[in-house]
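For reference, each letter of the sequence shown is one residue, going 105 to 521 in this note's numbering.
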Amino acid sequence: MSKLIIEGLHRLEGEIKVQGAKNSILPILAASIICEDECVIHGCPNISDVQVTIKVLEHLGCKVSFCGGTITVNSKNISKNEIPQSLMREMRSSIIFLGALVSRKKSAKLSFPGGCELGPRPIDLHLEGLRQLGLKINEKHGFLECESLGLIGSNIALSFPSVGATENLILAAVKAKGVTVLTNAAKEPEIMDLILFLNKCGAKIKYSESGVITIEGVNKLHGTEHKIIPDRIAAVTYMACAAITSGSLVLKNVVEDNISSIIPIFEEAGCIIKMFCDNILIIDSPERPYYNRLIRTMPYPGFPTDAQAPVMAMTTIADGTSMFVENIFSNRYKHVGELLRLGADIKVEDKVAIVEGVKRLYGAEVSASDLRGAASLIVAGLGAEGITKISGLNHIDRGYENIEKNLSNVGAVIRRV
Ligand code: EPZ
C-alpha cells in the first residue's frame with residue numbers, strides 16, 4: 105500500500121495550476137448520458153472518481169475517451185439502464201446517474217450508494233423529488249428499481265439545499281413533460297456549471313438568486329463542447345499549504361467569486377491575498393498564521409464543508425484558539441484524531457471543534473479516512489517538524505490530481521512510496 109512521505113518545514117514558493125473541479129465534472133459526465141450525440145469536455149482532472157465514472161458510462165454503452173484533460177463522450181448507443189453494485193459502491197456520488205438514466209431511458213436499476221467516510225449518506229431528498237416527478241421507485245435488497253412512462257414536471261421544495269439532490273432533480277426534469285420548479289435548491293458553482301452545460305445541450309433551465317431553479321422540459325438534448333470550472337476546494341487546499349509553511353504561492357485557474365467566503369478566513373489568519381485578471385490568485389503568508397475566531401460550514405455561498413479539514417490543519421499551529429462548527433455533515437471530524445497524533449490540540453464536542461494553536465507539530469505515521477481529511481494531513485505534514493507518513497492514499501487520489509508533484513514543484517519535500 106503506497107504512502108506519502110513528507111519532510112516538513114520547507115517553505116513553499118512558486119506557481120501551481122489548479123485542476124478542474126471534481127464536483128463539476130462528475131454531474132456533467134452523468135448529464136452526458138442524456139445527450140444523443142457527442143460531448144467534448146475540457147479541463148477535466150485525471151482522478152479516480154472520474155475514472156470510475158467513465159467505467160460506469162462505458163458499462164451503459166457510451167463511447168468515452170480521455171486525453172490531455174479532454175473527455176469525449178458519445179451516448180448515442182446507450183444499451184443498458186442499470187448499474188451493477190460493484191460500480192455503484194466505488195463512488196458515493198454515483199446516485200447522480202439515477203436522474204440522468206431516467207431522463208434517457210425512463211427506467212433505471214441501481215444499488216443504494218455506499219455509505220461513506222462522512223457517515224450515512226441518505227438519499228431521501230433525491231427519492232422524494234423523483235417520486236414527485238412521477239418516478240415509481242421500489243427500494244428492495246439494497247437496490248432501487250425505478251420505472252416511469254416519462255416524467256411529469258412538478259413543483260418541488262427541497263427541505264435542505266442538497267447539492268446532489270438538486271443535481272439529480274435537474275437531470276431528471278430536463279426532458280420531463282412540462283415545467284419543474286425547484287425551490288430551496290443548492291447554489292454551488294458546480295450546479296451553475298451543470299446548468300450552463302445542459303443549456304448548451306438544448307435544455308431550458310433558469311436560475312434565480314433566491315435559489316429557485318425552473319426547468320422547462322424539452323424533447324431531446326444534443327451534444328456540446330464545454331470547459332469545466334476550476335476546483336475551488338483544491339485551490340483552498342493549496343492556500344492552506346502555503347499558510348502553514350509561511351509560504352507564498354501563485355495559483356493559476358482560481359475563480360475569486362467561488363471562494364469569496366474563504367478569502368476572509370485567510371486574511372484573518374494574516375495572509376495577504378491578491379487576485380489578478382485571468383483567474384490568478386497570489387497568497388503571501390505570515391511567519392505564523394493568526395487564529396480564526398469562528399468558522400461555520402454552510403451551504404453556498406457560506407464557508408464550504410469541504411474546506412473545513414484543510415483549513416483546520418492550518419489553524420493547528422496558529423497563534424490563538426480557533427473554533428469550527430460543522431453544520432453540513434454529521435461525521436466530518438475524522439481527521440482530528442490523526443491531527444492529534446501530529447501534536448495538534450483539538451477538542452471536538454458534537455458539531456463544534458476547538459483548536460488551540462500549538463507552537464510546533466511533529467511528524468508521525470497517520471492515515472486518511474476521507475478525501476478532505478487526507479488533504480488536511482498533507483497540509484499538517486508540510487508544517488510539522490520531521491517526517492510524516494500518510495497512508496490511505498486512495499482517498500487523496502479520488503479528488504486531487506498530481507498533488508505531490510504540484511507541491512514538490514514549489515519546494516515541498518514529499519514523495520509517494
Ligand atoms: C456534494 O455531496 C459534494 N460531492 C460533497 O463533496 C460536498 O461536501 C457536499 O455536496 C456539500 O457541499 C459531490 O458533489 C460529488 P449534500 P452531496 O447532498 O451531494 C444531507 C468532496 O469532498 N442529505 O449537499 O452528498 C447529507 O447527509 C465531497 O468533494 C440528506 O439528508 O452533499 C448531508 O448531511 C464530500 N438527504 C447534507 O444533506 C439527502 O437526500 C449535505 O449533503 C441528501 C443529502
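Each residue gets a CB set at the ideal place from its N, CA and C atoms; glycine is no exception.
Taking the beta strand (DSSP E) that residue i falls in, what are its first and last residues?
i	result
A457	V456 to E460
R519	V517 to R520
S207	First-last for S207: I200 to K209, but that is the alpha helix (DSSP H), not the beta strand (DSSP E).
K310	K308 to S312
V283	V283 to T287
I494	I491 to S495
T425	T425 to V429
S215	A212 to S215
I241	K240 to K244
T157	From DSSP, T157 is part of no beta strand (DSSP E) but of the alpha helix (DSSP H) over S152 to L164.
L355	S352 to K356
L385	I384 to D388
V168	K167 to C171
V316	V316 to E320
M416	Unbroken run through M416 is the alpha helix (DSSP H), Q412 to T419; no beta strand (DSSP E).
L248	F247 to E251
M379	I376 to F380
Please determine whether the Cβ atom of residue i lies at a distance below 8 Å from any heavy atom of the ligand EPZ.
i	result
N185	no
P149	no
T409	yes
Y404	yes
E251	no
R464	no
F216	no
A347	no
A289	no
S365	no
V267	yes
F301	no
R336	no
L286	no
I256	no
K126	yes
S473	no
E531	No answer is possible for residue 531: the residues shown for the chain start at 105 and end at 521.
D297	no
S197	yes
G503	yes
F264	yes
S136	no
R193	no
P131	yes
H330	no
H439	no
P226	yes
L237	no
S152	no
F428	no
Would you list the one or two residues that DSSP bridges to residue i?
i	result
K451	I458
H114	Partner(s): none; H114 has no beta bridge.
I502	Checking the sequence, you will find Arg at residue 502 rather than Ile. Answer is none; R502 lacks a bridge partner.
C143	V177
G124	P334
Y466	E489
A261	T287
T401	F407
I256	K281
Y394	D423
Residue range of the alpha helix (DSSP H) that residue i falls in?
i	result
I369	I367 to E372
K509	I507 to S512
L273	V267 to A277
F301	P293 to K304
L443	K438 to R445
S106	Per DSSP, S106 belongs to no alpha helix (DSSP H) and is neither H nor E.
Which residue wins for smallest C-alpha separation from residue i, given the options the options?
i	options	result
N498	S471, R519, V517 and L511	S471
V440	C375, I199, D423 and T419	T419
I333	L231, S128, G461 and Y437	S128
I319	C139, N259, A347 and L248	N259
L116	L273, T492 and A347	A347
P188	P217, I182, N181 and K240	P217
Y466	G447, S480 and K210	G447
R464	L475, V452, L443 and D454	L443
E249	H330, S211, E313 and I384	S211
R193	V459, G246 and G424	G246
N357	D382, A417 and V340	D382
R397	G374, D410 and A125	G374
V316	L214, V354, L231 and A289	A289
G172	M296, K209 and N150	N150
L302	T425, P131, D228 and I158	P131
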